[in-house]
Amino acid sequence: MAKTPAVPEAEFTLHEAAELLGVHYMTAYRYVRLGLLDAYKVGGTWRVNQTGIDTFRVRAVTEESRGTTSVSQRKRRAPWADRLERRLLAGDSQGSWGVIEAALASGASLDEIYRNVLSPAMVSIGQRWERGELDVAAEHGASVIAMRMIGRLGARFAHRGRTRGTVVLATPPNETHSLPVAMLADLVRQAGWNVVDLGADVPAESLVRAAMAQNDVVAVGLSVSNTDRLDSTAYAIAALRKAVPNTRVVLGGHAIAGREHAVALGAHDFAADVAGFVSILESVGV
Ligand code: B12
Numbered sequence: 002m003a004k005t006p007a008v009p010e011a012e013f014t015l016h017e018a019a020e021l022l023g024v025h026y027m028t029a030y031r032y033v034r035l036g037l038l039d040a041y042k043v044g045g046t047w048r049v050n051q052t053g054i055d056t057f058r059v060r061a062v063t064e065e066s067r068g069t070t071s072v073s074q075r076k077r078r079a080p081w082a083d084r085l086e087r088r089l090l091a092g093d094s095q096g097s098w099g100v101i102e103a104a105l106a107s108g109a110s111l112d113e114i115y116r117n118v119l120s121p122a123m124v125s126i127g128q129r130w131e132r133g134e135l136d137v138a139a140e141h142g143a144s145v146i147a148m149r150m151i152g153r154l155g156a157r158f159a160h161r162g163r164t165r166g167t168v169v170l171a172t173p174p175n176e177t178h179s180l181p182v183a184m185l186a187d188l189v190r191q192a193g194w195n196v197v198d199l200g201a202d203v204p205a206e207s208l209v210r211a212a213m214a215q216n217d218v219v220a221v222g223l224s225v226s227n228t229d230r231l232d233s234t235a236y237a238i239a240a241l242r243k244a245v246p247n248t249r250v251v252l253g254g255h256a257i258a259g260r261e262h263a264v265a266l267g268a269h270d271f272a273a274d275v276a277g278f279v280s281i282l283e284s285v286g287v
């Protein structure tokens with residue numbers, strides 16, 4: 002029996018979408034930039050499909066029925082991580098930044114942007130890739146935009162004044178997930194420490210040299226995202242503890258199950274997030 006051909010989904014230009022939604026073209030454009038209206042580019046111009054229009058309408062009705070009374074209340078409740086995820090997956094760096102700016106304007110702190118917006122968006126993208134819903138290229142593209150956004154954000158939140166000592170941050174050999182370290186570096190810097198951020202995949206010997214080069218080093222923080230990198234993590238920790246025995250080595254990241262796991266790998270301590278890390282740093286001092 003012949004298959005019935007699938008009916009292609011209706012697709013609209015942004016002008017047409019604006020008309021359908023009863024708003025000005027610039028308002029529709031702003032919705033796209035804020036991640037409120039799903040759009041994609043075809044030959045350099047924005048397109049919105051019927052699903053995008055329907056989803057936008059459903060969201061608008063849901064907001065309405067929640068009885069949201071003011072713009073600021075609506076903004077506070079806004080699902081920033083979902084919006085960001087959509088812009089990241091559309092490869093839309095300007096739109097992604099628009100979501101971050103909107104979240105900042107609604108009063109979110111740098112810590113909240115990293116913890117409640119960027120991290121959950123990235124984690125969800127990872128889960129969708131794991132379920133086979135996304136090509137790994139989408140995850141790579143989203144990571145590139147995320148890294149650029151971290152670059153723009155970090156500079157805004159730089160700490161001024163005296164520092165409380167130096168913290169060396171890195172990922173162990175062969176561990177290529179640099180995003181968590183980049184976020185952590187900004188937050189630790191903002192909390193008052195001088196940060197030497199070595200990024201990803203640092204050879205153990207170089208890590209040791211970098212730690213020895215500082216005379217006020219408080220701790221070395223290592224981030225491990227991939228459970229396949231636990232051997233190289235243990236190797237790097239052993240090298241550090243031999244060369245700089247008085248320096249605390251703290252582990253964190255998706256691949257570390259908790260304090261017991263971190264200690265079994267040779268580290269002194271574990272922290273689940275920046276707050277936990279800062280309290281370890283405060284207890285160590287210089
Ligand atoms: C982005 C990403 C990538 C990017 C990395 C880009 C980059 N420059 O970082 C790309 C696309 C390149 C990538 C590649 C790969 N990835 Co990847 N990736 C991710 C993803 C989606 C997000 C990571 C992230 O940024 N998270 C956001 C951060 C902020 O959250 P977090 O890591 O939990 O960090 C928080 C805390 O843990 C803590 N923290 C983190 N580190 C530290 C350190 C210290 C000292 C402290 C105190 C705290 C702390 O602070 C953070 C804020 O709260 C994760 C999914 C996930 N669940 O994390 C997979 C994930 C880590 N990747 C995974 C895999 C398998 C890979 C690949 C091997 C896939 C492949 N086959 O190609 C490759 C690695 C290639 C290689 N050569 O090693 C797996 C690892 C599974 C495992 N075995 O453990 C994950 C978990 C995805 C999955 N669900 O399967 N990946």
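Counting from 2, one number per residue, gives the positions in the sequence shown under this note's numbering.
By construction, the Cβ of each residue, glycine as well, lies at the ideal position given by its N, Cα and C atoms.
It should be emphasised that the depicted structure is a prediction, and the values quoted were computed from it without experimental measurement.
**Message:** Taking DSSP's pairing of strands, which residues face W81 in a bridge?
**Reply:** For W81, which the question treats as bridged, DSSP gives no partner whatsoever.
**Request:** Express the C-alpha separation of D55 and A147 in angstroms, rounding to a whole number.
**Result:** 28 Å
**Supposed close pair V182, A220 - CB separation, criterion 8 Å** = The pair is not a contact, with the Cβ atoms about 14 Å apart (cut-off 8 Å).
**Asked** Cβ of L223 within 7 Å of any heavy atom in the ligand B12?
**Response** yes
**Message:** For Q51 and P174, what's the separation of their Cα atoms in angstroms?
**Reply:** 47 Å
**Request:** Would you kindly report the start and end of the unbroken alpha helix (DSSP H) that includes R163?
**Result:** Unbroken run through R163: none, as it is neither H nor E.
**Prompt:** Quick one, are the C-beta atoms of A256 and L282 less than 8 Å apart?
**Reply:** no
**Outcome for H178 when other beta-carbon atoms lying within 10 angstroms are tallied against a minimum of 16** = buried
**Request:** Go ahead and pull the three-state DSSP assignment for L38.
**Result:** coil
**Prompt:** Can you round the beta-carbon distance between T167 and Q215 to whole angstroms, since I take them to be within the 8 Å contact cut?
**Reply:** 4 Å
**Asked** Around the Cβ of S224, are there at least 16 other Cβ atoms within 10 angstroms (buried) or fewer (exposed)?
**Response** buried
**Asked** Can the beta-carbon of G1 be found closer than 8 Å to that of R116?
**Response** Since the first and last residues shown for the chain are 2 and 287, residue 1 lies out of range.
**Message:** In this structure, how does DSSP classify L185 when only helix, strand and coil are distinguished?
**Reply:** helix
**Request:** Decide yes or no for the touch test of the region 136–151 against the region 200–212: beta carbon pairs closer than 8 Å, at least 3 of them.
**Result:** no
**Request:** Mind the definition here: the region 120–138 touches the region 150–158 only if three or more C-beta pairs lie below 8 Å; say whether that holds.
**Result:** no
**Residues of its chain near L22, where Cβ-Cβ distance is below 6 Å and the 5 sequence neighbours each way are ignored** = none
**Prompt:** Cβ of N175 versus every heavy atom of the ligand B12: is any distance shorter than 7 Å?
**Reply:** yes
**Message:** Going by beta-carbon coordinates alone, are S226 and G254 separated by less than 8 Å?
**Reply:** yes
**Message:** Below 7 Å, is the gap between the Cβ of I126 and the nearest heavy atom of the ligand B12?
**Reply:** yes
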